[in-house]
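Numbering (the numbering used here), first residue to last: 8 to 539.
In structure tokens form, the structure reads like this:
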């Protein structure tokens, strides 16, 4: 359904300089957008409908785009995928034993309801992310054992064990700070009217149609915000999104379909932003999610769950190069791993692992025979409802049929599909992940037995040990060795079959300046504006 932490002295000084004049080094874009006028409404066409607009519970890629404009974080990423302070005043101070992180909070910051950002507000948000029932953030920051307020603008995070990915997690939804006043008022209904710190504030949402944000009068960098409103329109059909961009009904298009790239390139009124992302797309297989996410995993008894031979056969039947050519006109990057070549961790963690991009149907047939199961082996594959997903499903059907699989396609609306996957009501699910700058963020949640995104219900004590130790390791070399070991287990057991890394192309009207896109694939338009 087509989602190095070390800092140099120069970066810290540069970030501090930006902070001293009231501009976030990353989240607010870092620089003003020249030659644009104030006012106007920017319309962004999203490829899917976001799930709950609650940072504690949310999990969709498009939701992260909306959050980027209304919910700032303790830390953020810059254009080079480096972690920089956002609501924090500086990078964290880390104790010698790596078990205490001290974070200073910027002064004079207000939430979009006019209340002040304080250390107590940070504590309450982090505790909510850690402990709220159903929190998708819980496993991302699970080593935090306590959050203590040590001053009006200082918090200390106490860890049960060293946790190298922590700062990177706080540069995403786990680091988003929510208005305590709004949380107290709405509780678990926070998503109906979310309030954070951000250039824009939530105005309203029409399910399946649009989300409207309005310029915040409380934002610390409001002088840099030119637009009056940003409207995120949900347009799931790729062709309709492209047509809306060309007609001027939207000014930013989230993910141009391969079939529309050439036409948009020829249109002199449009430009394309392009980046190889740190995310992946693949197929999650339901191995042990019989009772629901994190509820006493046990084998589902379905063919792919019962047999490693069949999972390997299904994988080897797929020609990733052909999928990229036939479905995406060669516009993506075929691969077999959760980490992208855009990540500095890729080369060393995948070294020695075999990735046959064209598959091997002969060996796939032999593995099906070795499984002892009668053919054709029926598999139901949940896919998206758009034409690209349908074409992908048909190509997968045609590739696996000759080796003995009979795939039935189950087109399902995205959020509904996620909910069914959580409940364990699926067999195979074509789904992806937008990617995280630290490898932990692309692996742990999905395949660790306690991962809050482990819809596969996969349990491997050896894998848990490798991933737990990778979180505790304090050097890049040690972490590379452990992630390499983890990748070997995942590659052998195949709870997920990774297919490609998206090379994302977003369309933008030439009437607009200041829209940015980094390797995380998120549209950043908070400082954008219409040309004078």
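For each residue, glycine too, the CB sits at the ideal point set by N, CA and C.
Spatially closest choice to residue i from the options, by CA coordinates
i	options	result
residue 286	198, 248, 344 and 520	344
residue 539	281, 476 and 234	234
residue 107	252, 184, 173 and 262	173
residue 73	183, 124 and 45	183
residue 298	396, 315 and 431	431
residue 315	301, 366, 379 and 388	379
residue 497	224, 151, 356 and 443	356
residue 55	190, 306 and 261	261
residue 423	48, 59 and 46	59
residue 239	532, 385 and 110	532
residue 413	388, 420, 439 and 383	383
residue 67	321, 535 and 528	528
residue 526	127, 509 and 534	509
residue 164	245, 151, 170 and 319	151
residue 469	483, 461, 454 and 481	454
residue 48	218, 228 and 290	218
residue 512	245, 191 and 93	245
residue 215	259, 69 and 335	69
residue 435	225, 290, 328 and 466	290
residue 104	407, 369, 121 and 168	168
residue 116	100, 87 and 229	229
residue 179	83, 273, 149 and 137	83
residue 121	224, 149 and 141	224
residue 133	187, 171 and 403	187
residue 319	366, 333, 358 and 278	366
Local conformation of residue i per DSSP, three classes
i	result
residue 484	helix
residue 534	coil
residue 35	Low confidence applies here, because residue 35 scores a pLDDT of 49, under 50, leaving its location unreliable; read the following figure in that light. Of the three classes helix, strand and coil, the one that applies to residue 35 here is coil, per DSSP.
residue 28	Here the model assigns residue 28 a pLDDT of 27, short of 50, so the residue's position is not dependable and the matter cannot be decided.
residue 22	In this prediction, residue 22 has a pLDDT of 34, which is less than 50 and means its spatial position is unreliable; what the coordinates show is noted afterwards. Reduced to three states, the DSSP call for residue 22 is helix.
residue 13	Only weak support exists for where residue 13 lies, its pLDDT of 33 falling under 50; the value from the coordinates is given anyway. Coil.
residue 174	helix
residue 216	coil
residue 142	coil
residue 360	coil
residue 421	helix
residue 330	helix
residue 208	strand
residue 526	coil
residue 432	coil
residue 353	helix
residue 111	strand
residue 222	strand
residue 231	helix
residue 405	helix
residue 397	helix
residue 321	helix
residue 374	helix
residue 179	coil
residue 137	helix
residue 368	helix
residue 195	helix
residue 168	coil
residue 426	helix
Paired residues, beta bridge with residue i - DSSP
i	result
residue 155	163
residue 131	Its beta-bridge partners do not exist; DSSP assigns none.
residue 412	384
residue 203	185
residue 48	236
residue 390	418
residue 341	507
residue 117	123
residue 43	538
Integer-rounded CB distance, given that residue j should sit under 8 angstroms from residue i
i	j	result
residue 395	residue 264	6 angstroms
residue 202	residue 119	5 angstroms
residue 415	residue 387	5 angstroms
residue 205	residue 98	Going by Cβ atoms, the distance from residue 205 to residue 98 rounds to 22 angstroms, so no, they are not a contact pair.
residue 81	residue 177	5 angstroms
residue 220	residue 208	6 angstroms
residue 288	residue 503	Not confirmed; about 11 angstroms, so no contact.
residue 282	residue 524	6 angstroms
Within-7 angstroms CB hit, residue i to chain B
i	result
residue 166	Here chain B cannot be found, since the structure has a single protein chain.
Segments of 3+ residues assigned as beta strand (DSSP E) that fall wholly inside the stretch 53 to 101: 82 to 84 and 90 to 92
Which residue spans inside the stretch 437 to 524 form an unbroken alpha helix (DSSP H) run of at least 4? 447 to 454, 468 to 479 and 483 to 500
Quick one: complete alpha helix (DSSP H) runs, 4+ long, within the stretch 234 to 312? 245 to 254 and 268 to 273
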